[in-house]
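Peer 1:
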Amino acid sequence: MSTIYRILTKDEFPQALEIRIRVFVEEQNVPIGEEQDRYDQTAVHFGAFAQDTMIGTGRVVIEGKKGKCGRIAVLKSHRGQGIGMGLLQTMIEWCRAQGLTEVYLGAQLHAIPFYEKAGFTAEGGVFDDAGIPHRLMRKQLK
Ligand code: COA
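Number 49 in the working numbering belongs to position 49 of the sequence shown; there are no gaps in the numbering.
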């Protein structure tokens, strides 16, 4: 069965949050108070679906001509099957269709090779976000 990637409706956001809590809070020990932030209100949220069940999520926050990708998470049981990449590509293509010139994100160090495969380049030093080391990564959209 093929995976469907699409923008979420407002009503579907709680399901996305559930995935984020499972992955970031329960698996990676991010404090629950830091997992949700004010950007969730204005962000465009995306989901990956297998047979109507949401198995991955991510969000884009638009800042001028740039799109900040974040909160990208695939349920552990569904990793390593191309779903994270499908989700990320959907988010990137959506940003391109909006006329944005760049996408960027804060990458957990372990995920840098994943983002490099989608054309992002790491720059600058390591910084802390919610107790996890990250690096800035950018991709220009032509
Ligand atoms: N380290 C190195 N390479 C990785 C990787 C990792 N952590 N995760 C994926 N890749 C590679 C895969 O090997 C694959 O390469 P290939 O095309 O040559 O086979 C490619 O990236 C695509 O992988 P995919 O199967 O689409 O990734 P996924 O569905 O497992 O999702 C994450 C990747 C990072 C979203 C997923 O591991 C996850 O949810 N992790 C926990 C949350 C997290 O850390 N999110 C990132 C926050 S910055």
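Note that the Cβ used here is the ideal one computed from N, Cα and C, for glycine as well.
All of these numbers come straight from a predicted model, not from anything done at the bench.
Mind listing, in chain order, the continuous beta strand (DSSP E) runs of no fewer than 3 residues lying wholly within the segment 49-118?
Peer 2: Counting whole runs of 3 or more residues, the segment 49-118 contains the beta strand (DSSP E) stretches 53-63, 66-74, 102-108.
Peer 1: Can you name the start and end residues of the alpha helix (DSSP H) that leucine 17 belongs to?
Peer 2: Leucine 17 -> alpha helix (DSSP H) spans 13-20.
Peer 1: For leucine 100, tell me which candidate among Gly86, His45, Leu87, Leu141 has the shortest Cα-Cα distance.
Peer 2: Minimum Cα distance to leucine 100 is reached at Leu141.
Peer 1: Taking 8 Å as the cut-off, is the CB of glutamate 114 close to at least one heavy atom of the ligand COA?
Peer 2: The question names glutamate, yet the displayed sequence has phenylalanine at residue 114. Phenylalanine 114 Cβ: within cutoff of the ligand COA.
Peer 1: Do three or more CB pairs link the segment 42-61 to the segment 116-125 at distances below 8 Å?
Peer 2: Because the criterion of three Cβ pairs below 8 Å is not met, the segment 42-61 and the segment 116-125 do not touch.
Peer 1: How many whole angstroms separate the CB atoms of tyrosine 104 and lysine 66, which I take to be in contact at a CB cut-off of 8 Å?
Peer 2: Indeed they touch by this definition, with Cβ atoms about 6 Å apart.
Peer 1: With distances taken from CA atoms, which of Phe120, His134, Leu87, Gln98 is nearest isoleucine 4?
Peer 2: For the residues Phe120, His134, Leu87, Gln98, the minimum Cα distance to isoleucine 4 belongs to Leu87.
Peer 1: Measure the beta-carbon distance from threonine 57 to alanine 73 and round it to whole angstroms, keeping in mind my assumption that it falls under 8 Å.
Peer 2: About 6 Å; that satisfies the 8 Å criterion.
Peer 1: For the beta strand (DSSP E) holding threonine 121, just list the boundary residues, first then last.
Peer 2: Looking at the DSSP string, the run of the beta strand (DSSP E) that includes threonine 121 is 121-129.
Peer 1: For lysine 107, count the other beta carbons within 10 Å of its own beta carbon; 16 or more makes it buried, fewer makes it exposed. Which is it?
Peer 2: Per the sequence presented here, residue 107 reads as alanine, with lysine not at that position. By the 10 Å Cβ count, alanine 107 comes out buried.
Peer 1: Assuming glutamine 140 is part of the alpha helix (DSSP H), what are its boundary residues?
Peer 2: Counting along the chain, glutamine 140 falls outside any alpha helix (DSSP H), though it belongs to the beta strand (DSSP E) covering 132-140.
Peer 1: Who are arginine 6's beta bridge partners in DSSP?
Peer 2: Answer by DSSP bridge pairing, in chain order: Gly47.
Peer 1: Run through DSSP, which three-state label would aspartate 40 get?
Peer 2: Residue state, collapsed to three classes: helix.
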